[in-house]
Each structure stands twice: as C-alpha cells, then as structure tokens.
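**Q**
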Amino acid sequence: MRETIKVLDIELDTVNAKDAMRCAMHFMEREPINTIEIVAMDTLLLAKENENLKEAIEAIDLVFPGEPEILTAAGVTDRHYVQEISTLLFVKMFVKYLHKNKKKVFILGETKEEAQEFADYLKNYYRGIVIQGTEAIAEETGTVEMIINKINGTETDCVISAMAVPGQELFIAQGRELLNAKLWLGCGRGLQMKNKKNSQRGRFHDFLVKRIFRHQVELEKRK
Numbered sequence: 001m002r003e004t005i006k007v008l009d010i011e012l013d014t015v016n017a018k019d020a021m022r023c024a025m026h027f028m029e030r031e032p033i034n035t036i037e038i039v040a041m042d043t044l045l046l047a048k049e050n051e052n053l054k055e056a057i058e059a060i061d062l063v064f065p066g067e068p069e070i071l072t073a074a075g076v077t078d079r080h081y082v083q084e085i086s087t088l089l090f091v092k093m094f095v096k097y098l099h100k101n102k103k104k105v106f107i108l109g110e111t112k113e114e115a116q117e118f119a120d121y122l123k124n125y126y127r128g129i130v131i132q133g134t135e136a137i138a139e140e141t142g143t144v145e146m147i148i149n150k151i152n153g154t155e156t157d158c159v160i161s162a163m164a165v166p167g168q169e170l171f172i173a174q175g176r177e178l179l180n181a182k183l184w185l186g187c188g189r190g191l192q193m194k195n196k197k198n199s200q201r202g203r204f205h206d207f208l209v210k211r212i213f214r215h216q217v218e219l220e221k222r223k
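Residue numbering for the sequence shown is 1 to 223, as defined by UniProt numbering.
1. Below 8 Å, how does it come out for the segment 127 to 140 and the segment 97 to 111: are there three or more Cβ pairs, yes or no?
2. What are the complete alpha helix (DSSP H) segments, minimum 4 residues, inside the segment 75 to 135?
3. With a threshold of 7 Å on Cβ separation, who are the neighbours of P65 within its own chain once the five nearest residues in sequence on each side are excluded?
4. Note down the Cα distance separating K210 from E37, rounded to an integer number of angstroms.
5. Tell me the DSSP secondary structure of L12 in three-state form.
6. Given G133, which residues of its chain have a CB within under 6 Å of its CB, disregarding the five upstream and five downstream residues?
7. According to DSSP, which residues form a beta bridge with N34?
8. Determine, using beta carbons only, whether I129 and H99 come nearer to each other than 8 Å.
9. For a test of the three-state rule: what should DSSP assign to Q65, helix, strand or coil?
Now the structure itself:
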C-alpha cells in the first residue's frame, strides 16, 4: 500500500530513493510510457489555483516531494528522508542507472540554453551518457505532436524534463499517449534554479517562493 501525504490539497507519494528507483526500473522495462514527477513548492502553489494543472499532476504515476519544506508542511520529520529529498538522491541514482545501462535520454527544457546547460551538466558528471537530443519548449513554434515526433524519431528510452510549471505537466498530459519512450521524468525548472542559488536572483527567488508557500500552508491549516 502506497504511503501518501496531502499538501495544499495535492496528494503526494512518500517513497524513499531506493523504493523510487525500484519503481523507475520497473517502469523502464514495460510499455506504454510511465511518468514520474518531482514536485516543487511553486508547482503546488500554482496547482492550488489551476484545476487543469492539478488534474495533470494527479494523472502522474509516481509523484513525490522535491523540497524539504513540503515535508515540513506535511509534518514529516524523518531526518534521513528529508536529507534524501534535499540532495535529490533519487535523481542522482536514476541518472547513474541510465548511464550504466546505456539508456537513451532526451532532454526537454524551457529554453535552448537551459536544455543544453542541463545536457552538458549530465555529460560532464556522467561521461558517456547517451543524450539523443534536446528541445526548448518555450522557443518551439510547433505543436506538442510535432515535438513528440522529434523525440520519437530518436528512439529514446527516457525523457527528462526540466521545463517550467505548468507547461511541463500539461505537455505530458496532452502528449502521453503519443510518446514512444519508457519513462518520463519531470524534474521541473527547479533544477536550473538550484544551480543558480548562489546568485542574487536565485536566492531571492528561493526566499520568495518559500515565504509564499509557508503562508499558504498556514492558511490551509486554519480552514
């Protein structure tokens, strides 16, 4: 039986990195495509006001918190689990699995620069990882179907998305049945923001989101 928490009226799975890896490896061996998303605070904030986004998140096969503040909001205090979430341990383990097993990966980003930055990051830390291509959703003038055709043409095993909310969730909700990959992993644009936390812009963004999130959680508790 899956253990879940509910934050801002969104139900999230509470799986540790090892259990999430077992799910991901199982998904990689079956068809049709399965979906995993690591949810950030800003995603939950937007889903609170956007019913289409909320429904898209609820349709994802495995969705779990990507920031420790979400666990705090749900009253989760397991220090080991909080540490796993803080360090994105599952993402690191899963990318190692993709690398070791020579799985083909396609990167989706918000812009060409961000998509290429993420691809370069993976190539730098996991030399030899098979990156089939990158695509920038915000700068692409084609339809979802056209973008998916590009991905399908590369015979990709796993699509890793670092797109902004709600585009990421709505994209897979619309295109899931057309995508010929084994797994979609939605990491969100937060991966780029984490790499920029040392910048003034990154620190301010992080501070602002945390403040709004905590306020909304408190309002929810008072209802």
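Just so it is clear, CB atoms sit at the ideal spot from N, CA and C, and this is done for glycine as well.
**A** Concretely, from the data shown:
1. yes
2. Every alpha helix (DSSP H) of 4 residues or more that sits fully in the segment 75 to 135 is shown, in chain order, as 79 to 86, 89 to 100, 112 to 125.
3. For this step, residue 65 is matched to residue 65 along the sequence shown. Excluding positions up to five away in sequence, the list reads L12, V39, L71, I85.
4. Within the sequence shown, numbered from 1, the residue matching residue 210 stands at position 210. Within the sequence shown, numbered from 1, the residue matching residue 37 stands at position 37. Cα to Cα, K210 sits roughly 20 Å from E37.
5. Locating residue 12 in the sequence shown gives position 12, where the first residue counts as 1. Assignment of L12 by DSSP, reduced to helix, strand and coil, places it in the strand class.
6. Position 133 of the sequence shown, counting from 1, holds the residue named residue 133. Excluding sequence neighbours, G133 sits near F106, T154.
7. Against the sequence shown, residue 34 aligns to sequence position 34. L183.
8. The residue labelled residue 129 in the question sits at position 129 within the sequence shown. The residue labelled residue 99 in the question sits at position 99 within the sequence shown. The answer is yes: Cβ separation under 8 Å.
9. Residue mapping note: residue 65 aligns to position 65 of the sequence shown, counting from 1. Correcting the residue identity first, residue 65 is Pro in this sequence and not Gln. P65 falls in the strand class under three-state DSSP.
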